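Everything on this sheet refers to the single structure shown next.
There are 2 protein chains.
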Amino acid sequence: MHTKPTTATSGMSRRGMLGLAGAGIVGAGIGVAGDRVAVAAVGTGSSGASASYPFYGPHQSGIVTAAQDRLHFASFDVGDIDRGELIELLRDWTLAAARMTEGLGAGPSGAVDGAYDAPPDDTGEALDLTASGLTITFGFGATLFTGTDGRDRFGIAGRRPLELIDLPHFAGDALVPTQSDGDLCIQACSDDPQVAVHAIRNLSRIAFGRAGIRWSQLGFGRTSSTTRAQVTPRNLFGFKDGTANVKAEDAGQVREHVFVPEGDSQAWIAGGSYLVARKIRMTIETWDRASLREQESVIGRDKGEGAPLSGGTEFTAVDLDKVGAGGFPVIDRAAHVRLAHPDHNAGALLLRRGYNFVDGNDDLGRLNAGLFFLCFQRDPRSQFVPVQSSLAANDAMNEYIRHVGSAIFAVPPGATAGGFVGERLFA
Amino acid sequence: MHTKPTTATSGMSRRGMLGLAGAGIVGAGIGVAGDRVAVAAVGTGSSGASASYPFYGPHQSGIVTAAQDRLHFASFDVGDIDRGELIELLRDWTLAAARMTEGLGAGPSGAVDGAYDAPPDDTGEALDLTASGLTITFGFGATLFTGTDGRDRFGIAGRRPLELIDLPHFAGDALVPTQSDGDLCIQACSDDPQVAVHAIRNLSRIAFGRAGIRWSQLGFGRTSSTTRAQVTPRNLFGFKDGTANVKAEDAGQVREHVFVPEGDSQAWIAGGSYLVARKIRMTIETWDRASLREQESVIGRDKGEGAPLSGGTEFTAVDLDKVGAGGFPVIDRAAHVRLAHPDHNAGALLLRRGYNFVDGNDDLGRLNAGLFFLCFQRDPRSQFVPVQSSLAANDAMNEYIRHVGSAIFAVPPGATAGGFVGERLFA
Numbered sequence: 000m001h002t003k004p005t006t007a008t009s010g011m012s013r014r015g016m017l018g019l020a021g022a023g024i025v026g027a028g029i030g031v032a033g034d035r036v037a038v039a040a041v042g043t044g045s046s047g048a049s050a051s052y053p054f055y056g057p058h059q060s061g062i063v064t065a066a067q068d069r070l071h072f073a074s075f076d077v078g079d080i081d082r083g084e085l086i087e088l089l090r091d092w093t094l095a096a097a098r099m100t101e102g103l104g105a106g107p108s109g110a111v112d113g114a115y116d117a118p119p120d121d122t123g124e125a126l127d128l129t130a131s132g133l134t135i136t137f138g139f140g141a142t143l144f145t146g147t148d149g150r151d152r153f154g155i156a157g158r159r160p161l162e163l164i165d166l167p168h169f170a171g172d173a174l175v176p177t178q179s180d181g182d183l184c185i186q187a188c189s190d191d192p193q194v195a196v197h198a199i200r201n202l203s204r205i206a207f208g209r210a211g212i213r214w215s216q217l218g219f220g221r222t223s224s225t226t227r228a229q230v231t232p233r234n235l236f237g238f239k240d241g242t243a244n245v246k247a248e249d250a251g252q253v254r255e256h257v258f259v260p261e262g263d264s265q266a267w268i269a270g271g272s273y274l275v276a277r278k279i280r281m282t283i284e285t286w287d288r289a290s291l292r293e294q295e296s297v298i299g300r301d302k303g304e305g306a307p308l309s310g311g312t313e314f315t316a317v318d319l320d321k322v323g324a325g326g327f328p329v330i331d332r333a334a335h336v337r338l339a340h341p342d343h344n345a346g347a348l349l350l351r352r353g354y355n356f357v358d359g360n361d362d363l364g365r366l367n368a369g370l371f372f373l374c375f376q377r378d379p380r381s382q383f384v385p386v387q388s389s390l391a392a393n394d395a396m397n398e399y400i401r402h403v404g405s406a407i408f409a410v411p412p413g414a415t416a417g418g419f420v421g422e423r424l425f426a
Numbered sequence: 000m001h002t003k004p005t006t007a008t009s010g011m012s013r014r015g016m017l018g019l020a021g022a023g024i025v026g027a028g029i030g031v032a033g034d035r036v037a038v039a040a041v042g043t044g045s046s047g048a049s050a051s052y053p054f055y056g057p058h059q060s061g062i063v064t065a066a067q068d069r070l071h072f073a074s075f076d077v078g079d080i081d082r083g084e085l086i087e088l089l090r091d092w093t094l095a096a097a098r099m100t101e102g103l104g105a106g107p108s109g110a111v112d113g114a115y116d117a118p119p120d121d122t123g124e125a126l127d128l129t130a131s132g133l134t135i136t137f138g139f140g141a142t143l144f145t146g147t148d149g150r151d152r153f154g155i156a157g158r159r160p161l162e163l164i165d166l167p168h169f170a171g172d173a174l175v176p177t178q179s180d181g182d183l184c185i186q187a188c189s190d191d192p193q194v195a196v197h198a199i200r201n202l203s204r205i206a207f208g209r210a211g212i213r214w215s216q217l218g219f220g221r222t223s224s225t226t227r228a229q230v231t232p233r234n235l236f237g238f239k240d241g242t243a244n245v246k247a248e249d250a251g252q253v254r255e256h257v258f259v260p261e262g263d264s265q266a267w268i269a270g271g272s273y274l275v276a277r278k279i280r281m282t283i284e285t286w287d288r289a290s291l292r293e294q295e296s297v298i299g300r301d302k303g304e305g306a307p308l309s310g311g312t313e314f315t316a317v318d319l320d321k322v323g324a325g326g327f328p329v330i331d332r333a334a335h336v337r338l339a340h341p342d343h344n345a346g347a348l349l350l351r352r353g354y355n356f357v358d359g360n361d362d363l364g365r366l367n368a369g370l371f372f373l374c375f376q377r378d379p380r381s382q383f384v385p386v387q388s389s390l391a392a393n394d395a396m397n398e399y400i401r402h403v404g405s406a407i408f409a410v411p412p413g414a415t416a417g418g419f420v421g422e423r424l425f426a
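Chains as they are written, first to last, in numbering that gives the first Met the number 0: chain H, 0 to 426; chain F, 0 to 426.
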């Protein structure tokens, strides 16, 4: 019924135009041209609107990459597909993810340059936007290996790492199944939320008929820094968060606490990591009626500066032994900073990468808000589990939070160009 | 149990520190200092991280203000309060809103500088952030005037403007009561989502016991430009949106179509406007499987450039009469651009200020996504209603959307310093 319109631009290659857009020549009103910066996946600077991180490499990006401002995270369940079809899905996801992190469309003919009578192979809402620091990080849930019925659907049951445990029940857990678990996950981080949403949407579209979203989460404000150059952000308790996080510059800590070394339980995941996601609802209306004294006592830091209550400034080491008036410890025995501290947990450290969220409001008019906690580690058994056990049992903060979602994923190492993410699992 | 900690900073005024932060001296990692720009509420440039818009003035800001990137919108129902208490709430909201748009905390002693044994009068999560172009815009729903039971709770039933109609049922409406209507509304727009969320949260906290959130909506990507300097953004159909919007620079159009003149049905709202909000769910999975030809035919513009299918480039006037091959109109009879066009609606124009949203996913794994449509106008009876009637009846886009939320509010003129928003309604 319609002919291709004869606009002034229809004679030239839209793909060419988009190439320019992707390269930052046509910016999104930023007023900066041609300064798109390619940095290593192990970024050390703060990211910006024009940052671009390579998808291929020894590690997946989105782990030690300078934490971007916005998040769209999705957990998927695979449908009734076989091993070959799962591999095909991972191949398709890899190609699309590599393109999108470069600021291109999800597929080679994009949103506007393909066959006119076929659906576009990109949905288009990021057409005029740069890469915006996009990283796309894939993970494999325990149920991918064994299925919820214990069946070895993909012939990989024997390759489930010992470190990919089923998380134990923690005191106070109020987990909602529809916000927990999943066969696969994708973490899309970007400095532009539309770019992160575009990535999840297109990867979901590509998975159609093979895998579907089980649950998803948008995060609007990062709650951790992963590099020294980044300013420490604040969570919805109004406190700085992530001051003592593992930082990308600390090569020793990254090696020791974040990435899986050769020689762990499964060879295929060397260079990978383990991701724990916890959706933590904050009862912010209750928190907001707590005194400043109570708030600072719960956290163990002062609210303005983020300094430990034991003294100093934000980055001063916490002195857990300091005693104040009346012989009481200056940092409360139940303070969050004490119970989460490595000294309290046999040296356990986590690379945190969480985000603030607001999912509208509940029926009582309270904001459905909180922290979507994400952390990466070499071995959850000696890192997330002991830390969370300590917090779940005693943290004074528990009066103001409720864990409603939980998931754990094995994060394979980075893909090589021409290969696909997780390839060694299927080798 | 705890004494005020003796950190290095506790001796100096935190309020002083915060004042510096609010003035942009301490930025949020932007690397720019001291360039905070105060512009008129009727802004004409694109806003930036350091923009600040005055709260007081003849019109409320957030209407013709250059559309910011992020939104948090909340609708409130008032509790069992009387006229005096309602006025007190509006006074409290005015003072807090004026402070927050300057980049300050919601209350004079902020998050960290008040009484140590009292709750802070700001929640703190925006402590280190600049004003970030924040605007806070208040509106009054029909039920504020008459109540859902028709009772004149506040002695203002006789002052309900004729223009503040109950919106009619439109063909295809699938409205959800818990996402519709409300006694009061607050639109918070900012270039930083954390700043917008902080504003709604603190205004909600201030309203505790007097008004509670009925529904709320986060938007992550603006879908309209309101100034000529702004690049036209894209909605989640992947098309440019708002190309033909009323722009702040068109003083004649703004005067004629946006603000209420003296001499309309109620004197108190002169200088104000009427806001219609519609939550429009997009069935994006269906859209994504439509051909490029179908998508462009539905919209009436090409996807890459945003040019009308009748030819030209993005800002070329649409030629609704152009005939193509086979004698059919080049722009389909049911195309969105035709049915929304002023020529099709007795010249009706709207100032659109919508945002893209994703609210997680539904039980079938489909993204719960779409457009949160916001528009301002002088008289909904001759603007939103005829345009939406035309669209609801015939728009080809209806196959891909569903209106699930709806609300209309009278937006009072701007407050004067020392007064409060809506003061003339109670005079």
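The C-beta atom is built at its ideal place from N, Cα and C for all residues, glycine as well.
This structure is a prediction, so every number in the text was calculated from the model and none was measured.
Own chain, CB closer than 7 Å to residue i, minus 5 neighbours either side, in chain order
i, result
"F/Arg380", "Glu162 and Ile164"
"H/Thr285", "Tyr399"
"H/Ala27", "Bear in mind that a pLDDT of 28 at H/Ala27, under 50, signals an unreliable position, so the number given afterwards is only what the model happens to contain. Same-chain partners within the cutoff: Asp127, Leu128 and Thr129."
Closest by C-alpha distance to residue i, when choosing among the options
i, options, result
"F/Asp320", "F/Ile330, F/Thr147 and F/Glu398", "F/Ile330"
"F/Val77", "F/Asp182, F/Thr147, F/Glu124 and F/Pro160", "F/Asp182"
"H/Asp287", "F/Pro119, F/Gly61 and F/Val111", "F/Pro119"
"H/Ile155", "H/Val297, H/Leu350 and H/Trp267", "H/Trp267"
"H/Leu166", "H/Glu255, H/Glu101, H/Tyr273 and H/Lys246", "H/Tyr273"
"F/Gly299", "F/Glu313, F/Pro53, F/Arg377 and F/Ala334", "F/Ala334"
"H/Ala95", "H/Ile62, H/Pro53, H/Ala114 and H/Asp81", "H/Pro53"
"H/Arg365", "F/Gly323, F/Arg204 and F/Gly262", "F/Arg204"
"H/Thr100", "H/Ala187, H/Ala269 and H/Glu261", "H/Ala187"
Proximity test, Cβ basis, 8 Å: residue i and chain H
i, result
"F/Leu70", "no"
"F/Gly44", "Note on F/Gly44: pLDDT 35, under 50, position unreliable in the model; no value is reported."
"F/Asp263", "no"
"F/Gly237", "yes"
"F/Trp214", "yes"
"F/Ala316", "no"
"F/Gly181", "no"
"F/Ser131", "no"
"F/Asp358", "yes"
6 Å CB neighbourhood of residue i in its chain, flanking five on each side removed
i, result
"H/Ala416", "Tyr55"
"F/Phe169", "Gln387 and Ala391"
"F/Arg423", "Trp267"
"H/Lys239", "Thr231, Arg233 and Gly305"
"F/Leu348", "Val245, His256 and Pro341"
"F/Ser296", "Asp331"
Proximity test, residue i beta-carbon vs the ligand HEM heavy atom, cut-off 7 Å
i, result
"F/Gln294", "As for the ligand HEM, it is missing from this structure, which has no ligand bound."
Cutoff 8 Å: residue i Cβ touching any chain F Cβ
i, result
"H/Phe219", "yes"
"H/Ala289", "yes"
"H/Ser203", "yes"
"H/Gly171", "no"
Cβ neighbours of residue i in the same chain (closer than 8 Å, five flanking residues each side left out)
i, result
"F/Asp81", "Arg152 and Phe153"
Taking any Cβ of chain H, which residues in the region 291 to 302 of chain F have a Cβ under 9 Å from it, in chain order? Correct list: Leu291, Arg292, Glu293, Gln294, Glu295, Ser296, Arg300, Asp301 and Lys302.
Are the region 394 to 411 of chain F and the region 130 to 146 of chain F touching by the rule of at least three beta carbon pairs closer than 8 Å? Because the criterion of three Cβ pairs below 8 Å is met, the region 394 to 411 of chain F and the region 130 to 146 of chain F touch.
Residues within the region 335 to 356 of chain H neighbouring chain F, beta-carbon criterion of under 8 Å: Taken in chain order, the members of the region 335 to 356 of chain H whose beta-carbon sits within less than 8 Å of a beta-carbon on chain F are Asn355.
Between the region 67 to 85 of chain F and the region 201 to 211 of chain F, can you find at least three pairs of beta-carbon atoms closer than 8 Å? Touching, yes.
Contacting positions in the region 111 to 126 of chain F - beta carbon closer than 7 Å to chain H: Interface annotation for the region 111 to 126 of chain F against chain H: Val111, Gly113, Tyr115, Asp116, Ala117, Pro118, Pro119, Thr122, Gly123, Glu124 and Leu126, criterion Cβ-Cβ distance under 7 Å.
Residues of the region 382 to 397 of chain H with a CB closer than 7 Å to any CB of chain F: list them in chain order, please. Hits within the stretch: zero.
Validate contact between the region 248 to 262 of chain H and the region 78 to 96 of chain H using beta carbons, cut 8 Å, 3 pairs: No: the two stretches stay apart, fewer than three of their Cβ pairs being nearer than 8 Å.
So, do the region 193 to 208 of chain H and the region 53 to 71 of chain H have three or more beta carbon pairs nearer to each other than 8 Å? With a cut-off of 8 Å, the region 53 to 71 of chain H and the region 193 to 208 of chain H count as touching, because enough Cβ pairs lie within range.
Per the contact definition of three or more C-beta pairs closer than 8 Å, is the region 112 to 130 of chain H in contact with the region 222 to 240 of chain H? Judged by Cβ distances under 8 Å, the region 222 to 240 of chain H makes no contact with the region 112 to 130 of chain H, as fewer than three pairs qualify.
Listed from N- to C-terminal order along the chain, which residues in the region 188 to 200 of chain F have their beta-carbon within a distance smaller than 7 Å of any beta-carbon of chain H? Within the region 188 to 200 of chain F, the residues whose Cβ lies closer than 7 Å to some Cβ of chain H are Pro192, Gln193, Val196 and Arg200, listed in chain order.
What residues in the region 83 to 115 of chain H bring their beta carbon closer than 9 Å to a beta carbon of chain F? Those would be Gly109, Ala110, Val111, Asp112, Gly113, Ala114 and Tyr115, in chain order.
If you measure beta-carbon to beta-carbon, which residues of the region 360 to 384 of chain F are closer than 7 Å to chain H? Sequence-ordered contacts of the region 360 to 384 of chain F with chain H read Asn360, Gly364 and Leu366 [C-beta pairs closer than 7 Å].
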